[in-house]
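Comments concern the structure below.
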Amino acid sequence: MVSVSAFGAIIALVVAIGLILKKVPPAYGMIVGALVGGLVGGAGLSETVSLMIGGAQGITTAVMRILAAGVLAGVLIESGAATVIAETIVKKLGETRALLALTIATMILTTVGVFVDVAVITVSPIALALAKRGGLSKAAILLAMVGGGKAGNIMSPNPNAIAASDAFNIPLTSVMVAGIVPAMFGVVVTYFLAKRLIKKGSVVQDDEVEIEDTSNLPRFAAAISAPLVAIVLLALRPIAGIAVDPLIALPAGGLVGALLMGKFKHSNHYAVSGLGKMAPVAIMLLGTGALAGIIANSGLKDVLIDGLTASGLPSYLLAPISGALMSLATASTTAGTVVASNVFSSTLLELGISGIAGAAMIHAGATVFDHMPHGSFFHATGGSVNMNIKERLTLIPYESAVGLMMTIISTLIFGVFKF
């Protein structure tokens with residue numbers, strides 16, 4: 001197998017980041033970056049293309065499961081179930097605990113299978129109304145939602161968890177369960193940081209608060225049924241030894257939820273909508289796979305391992321560090337998890353680190369820098385509360401602190417104490 005130099009792998013990442021910053025679609029940016037990196041790194045044109053195609057082929061199973069998950073996401077979003085879940089949580093916790101309510105509401109939505117940026121957008125109308133009534137700043141409510149979304153993201157059946165479970169060949173539920181304790185710490189940090197921002201930054205104006213029509217929304221029990229069914233089906237493997245693949249469990253949960261909400265006749269519409277939301281992710285992941293193919297066959301792994309060895313740091317730190325670095329490069333939890341998992345999974349397993357430990361630490365690490373400005377998450381979340389770019393940039397250190405806390409806890413659990 002032809003090998004690419006570490007310099008070539010770094011060039012691949014730099015070119016990909018540069019193109020994404022120039023608003024080139026991420027899939028194309030990573031494909032071009034991979035091509036340039038392979039050529040600069042010493043591989044010929046045909047060898048470079050072969051490495052790229054091999055990398056993309058390695059994530060096709062994850063792409064299939066992600067597309068299937070679109071049914072569940074479509075049902076949750078288009079039926080109004082996601083809105084009902086969020087509103088119910090906020091009402092139960094009350095306006096006096098508005099920031100905690102927003103954090104938990106976004107966490108729950110992301111946990112049950114809604115994309116983190118879509119979860120923030122879904123909760124944002126509620127957040128704006130609460131902020132206006134309670135005198136909370138936009139920075140406070142946005143950090144509460146983003147932090148909650150990050151926490152939910154590491155214990156959900158989202159594309160990043162699917163990719164990590166595939167790369168390490170472990171059950172999806174294992175990756176989800178591994179994120180629970182770190183996520184709880186993430187929620188606590190988010191709440192205290194958001195409280196510090198209550199009076200900092202811009203405030204919500206009257207014309208930014210919308211009154212939504214809630215007359216045709218399902219009841220809470222029906223709304224929560226779709227993700228519950230999906231999670232129960234996934235849990236049959238560790239509980240009863242019955243393996244139900246996410247390719248079946250996630251769309252099945254969505255269809256059962258649509259049936260229980262009395263909206264089964266709209267199932268095709270929900271599926272089409274969900275596919276539309278998942279398709280850009282699937283396409284991006286093919287580009288991500290091409291980039292991973294170059295990095296996986298480069299000397300970059302050896303450079304990182306040698307660096308850890310020379311510093312005297314333990315080898316398990318390769319997992320969270322690689323997750324964080326790849327999320328910094330791609331500005332995406334999903335892409336960061338995919339690249340780090342596909343590139344470093346075999347190395348981590350050879351170092352004696354279990355599959356669940358490697359997947360959990362990479363997954364948590366990928367939340368540290370997934371909100372950088374060259375990614376869509378940064379802009380989508382800022383736009384959800386009508387925040388300008390300058391103010392949105394000021395939240396980056398706080399968001400990174402939330403991701404870092406979850407990564408530290410995950411590393412302590414799976415790296416230091418080896419639970």
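Under the UniProt record's numbering, the first residue of the sequence shown carries the number 1, and numbering increases by one thereafter. Beta carbons are placed, not taken as given, at the ideal position from N, Cα and C, and that holds for glycine.
With at least 16 other beta carbons inside 10 angstroms of its own, ARG65 counts as buried. The Cβ atoms of ALA16 and GLY44 lie no closer than 8 Å to each other. Taking a contact to require three or more Cβ pairs closer than 8 Å, the segment 92 to 101 and the segment 358 to 366 do not qualify as touching. Considering only ILE170, VAL177, GLY186 and VAL181, the residue with the shortest C-alpha distance to ALA144 is GLY186. ALA12 is a Cβ neighbour of ILE294, given a cutoff of 8 Å. If the five residues before and after LEU404 are omitted, its C-beta is found closer than 7 Å to the C-beta atoms of VAL368, all from its own chain and listed in chain order. Boundaries of the alpha helix (DSSP H) harbouring ALA86: 81 to 93, taken from the DSSP string. In the DSSP assignment, PRO320 falls within the alpha helix (DSSP H) that extends over 318 to 330. With a cutoff of 8 Å on beta-carbon distance, ALA340 and ALA366 are scored as near each other.
Taking C-beta atoms under 8 Å as the contact rule, LYS301 and PHE264 fail to qualify, at a distance of about 49 Å. Here GLY135 is exposed. Its C-beta has fewer than 16 other C-beta atoms within 10 Å. For HIS269, the enclosing alpha helix (DSSP H) starts and ends at 267 to 296.
Per DSSP, ALA243 lies in no alpha helix (DSSP H) and is assigned neither H nor E. Measuring C-alpha to C-alpha distances from GLY147 to each of PRO159, ILE108, ALA129 and PRO373 identifies ILE108 as the nearest.
With fewer than 16 other Cβ atoms inside 10 Å of its own Cβ, ILE242 counts as exposed. Rounded to the nearest angstrom, the Cβ distance from SER137 to LYS200 is 6 Å, consistent with a contact under 8 Å.
Three or more Cβ pairs closer than 8 Å define a contact, and the segment 386 to 401 falls short of that threshold against the segment 170 to 177.
Straight through space, the alpha carbons of ALA98 and PHE192 are spaced by roughly 13 Å. GLY287 sits close to PRO26, with the two beta carbons spaced by under 8 Å. Under the three-state reduction of DSSP, VAL343 is assigned to helix. Here ALA86 is near THR122, since their CB atoms are less than 8 Å apart. Per DSSP, reduced to three states, the secondary structure at SER137 is strand. Under the 10 Å beta carbon count, SER311 is surrounded by fewer than 16 other beta carbons and is classified as exposed. A check of alpha carbon separations from PRO125 across THR111, ILE104, GLU210 and SER376 identifies GLU210 as the nearest. When DSSP reads this structure, VAL203 sits in a beta bridge with SER137.
In this chain, the alpha helix (DSSP H) harbouring ASP302 covers 300 to 311. Under the criterion of beta carbons closer than 8 Å, THR110 and ASN153 qualify as touching, at roughly 5 Å.
Around the beta carbon of ARG392, 16 or more other beta carbons sit within 10 angstroms, so the residue counts as buried. Around the Cβ of LYS22, a 10 Å sphere holds fewer than 16 other Cβ atoms; the residue is exposed. Burial state of ASN342 is buried, judged by a 10 Å Cβ sphere holding 16 or more other Cβ atoms. For ARG196, the uninterrupted alpha helix (DSSP H) segment begins and ends at 180 to 196. DSSP, read as helix, strand or coil, puts VAL2 in coil. Distances from the CA of TYR316 to each of ILE31, ALA240 and SER410 were compared; the closest alpha carbon is that of SER410.
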